[in-house]
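J.: This is the structure I want to talk about, given as structure tokens.
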Amino acid sequence: VTPKVADTAWVSEFAYVVGNVEIGDYASIWPGVTIRGDSPNAIIIGDYVNIQEGSVIHGDGLTIEDHVSVGHSVVVHCDLVGR
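The numbers in the UniProt record's numbering rise by one with no breaks, and the one at position 75 of the sequence shown is 75.
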């Protein structure tokens, strides 16, 4: 499965995004971030989400809602991150 990235999103060339992942409008994915969508249920990164350097996003059907900022070197392994 190939990640789906909105045209207005920015993903660093030094980030690793693989598998069943959807990245919303105006999201920013910074260097050193890993987003691993290796389950049947997609990881959804909402609109205007900011995931900062060194963070790891991994989970079955994980959703990060619109306008959420994930700080540096954070590990997110849950179902929902809301604002």
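Yeah, the Cβ is synthetic: ideal placement off N, Cα and C, and Gly gets one too.
Leaving aside the five residues before and after N38 along the sequence, list all residues of the same chain whose C-beta is less than 6 angstroms from its C-beta, in chain order.
T.: Strictly speaking, residue 38 in this sequence is Asp, with Asn absent from that position. Contacts found: G19.
J.: How long is the line joining the alpha carbons of G71 and E65, rounded to whole angstroms?
T.: Answer to the nearest angstrom: the Cα atoms are 15 angstroms apart.
J.: So if DSSP puts S39 in a beta bridge, which residue, or which two residues, is it bridged to?
T.: None; S39 has no bridge partner.
J.: CB V76 to CB I45, shorter than 8 angstroms?
T.: No; because the gap between Cβ atoms is not below 8 angstroms, this pair is not in contact.
J.: When DSSP labels each residue in this structure, what does G19 get in the three-state scheme?
T.: Note: G19 maps to strand in three-state DSSP.
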